[in-house]
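Undergrad: I am attaching a structure below and will ask some questions about it afterwards.
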Amino acid sequence: MDVKDRACIDECPVDCIYEGERSLYIHPDECVDCGACEPVCPVEAIYYEDDLPDKWADYYKANVEFFDDLGSPGGAAKVGVIAKDHAVISALPPQAQ
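Here it is as structure tokens:
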């Protein structure tokens with residue numbers, strides 16, 4: 000969070016990476032698990048679900064829950080920046096950039 004490098008968005012062939020105020024979110028239903036985003040992420044924030052370290056479990060849950068109200072719009076580009084974040088992300092102090 001607070002490092003919204005868009006390289007992963009540029010690589011995603013299905014446009015499933017949505018932008019909140021402080022974080023990027025991967026739509027779990029729209030993602031096709033191609034892995035194109037993972038190697039270009041400069042902060043190593045993208046994992047396959049089965050490879051996710053336990054310490055990031057709360058962030059995975061926050062990522063999934065971010066889409067509870069949004070649903071599945073079918074592409075991030077047409078939605079644009081979403082003026083909110085999941086409560087877990089919003090509650091964190093700003094991170095060094």
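Using numbering that gives the first Met the number 0, the letters of the sequence shown correspond one by one to residues 0 to 96.
From the three backbone atoms N, C-alpha and C, an ideal C-beta is built for every residue, glycine too.
Keep in mind it's a predicted model, so treat the numbers as computed, not measured.
1) Could you check if G19 is buried or exposed, using at least 16 other CB atoms within 10 Å of its CB as the buried criterion?
2) Within a Cβ cutoff of 6 Å, which residues of the same chain sit near V31, ignoring the five residues on either side of it in sequence?
3) Output the distance between the C-alpha atoms of K60 and L91, rounded to the nearest integer angstrom.
4) Tell me E18's beta-bridge partners as DSSP assigns them.
5) If we call anything under 8 Å between Cβ atoms a contact, is C15 one with A76?
6) Just verifying my parser: in three-state terms, what is the DSSP assignment at K3?
7) Starting from F65, trace the alpha helix (DSSP H) in both directions and tell me its first and last residue.
8) Can Q94 be considered in contact with the ligand PLP, in the sense that its beta carbon sits closer than 7 Å to one or more heavy atoms?
9) Under 8 Å, with one C-beta from each stretch per pair, do the region 78–87 and the region 37–52 reach the 3-pair mark?
10) Have a look at M0 and G73 and give me their C-alpha separation to the nearest angstrom.
TA: The relevant details are as follows:
1) Within the sequence shown, the letter at position 20 stands for residue 19. So G19 counts as buried.
2) Here residue 31 corresponds to residue number 32 of the sequence shown, with the count starting at 1. Sequence-distant Cβ neighbours of V31 in its own chain, meaning closer than 6 Å and more than five residues away, are V13.
3) In the sequence shown, counting from the first residue as 1, residue 60 sits at position 61. In the sequence shown, counting from the first residue as 1, residue 91 sits at position 92. About 15 Å.
4) As a working mapping, residue 18 is identified with position 19 in the sequence shown. According to DSSP, which records beta bridges pairwise, E18 is partnered with L23.
5) Here residue 15 refers to the residue found at position 16 when the sequence shown is read from its first residue. Here residue 76 refers to the residue found at position 77 when the sequence shown is read from its first residue. The beta carbons of C15 and A76 sit no closer together than 8 Å.
6) Along the sequence shown, one-based indexing puts residue 3 at 4. K3 carries a coil assignment under DSSP once its states are collapsed to helix, strand and coil.
7) Here residue 65 refers to the residue found at position 66 when the sequence shown is read from its first residue. Judged by DSSP secondary structure, F65 falls outside any alpha helix (DSSP H); it is assigned neither H nor E.
8) By its list of ligands, the structure shown contains no ligand whatsoever, and the ligand PLP lies outside what it can speak to.
9) Flag = no, the region 78–87 and the region 37–52 do not touch.
10) Here residue 0 is taken as the residue at index 1 of the sequence shown, counted from 1. Here residue 73 is taken as the residue at index 74 of the sequence shown, counted from 1. Annotation: M0 to G73 spans about 23 Å, alpha carbon to alpha carbon.
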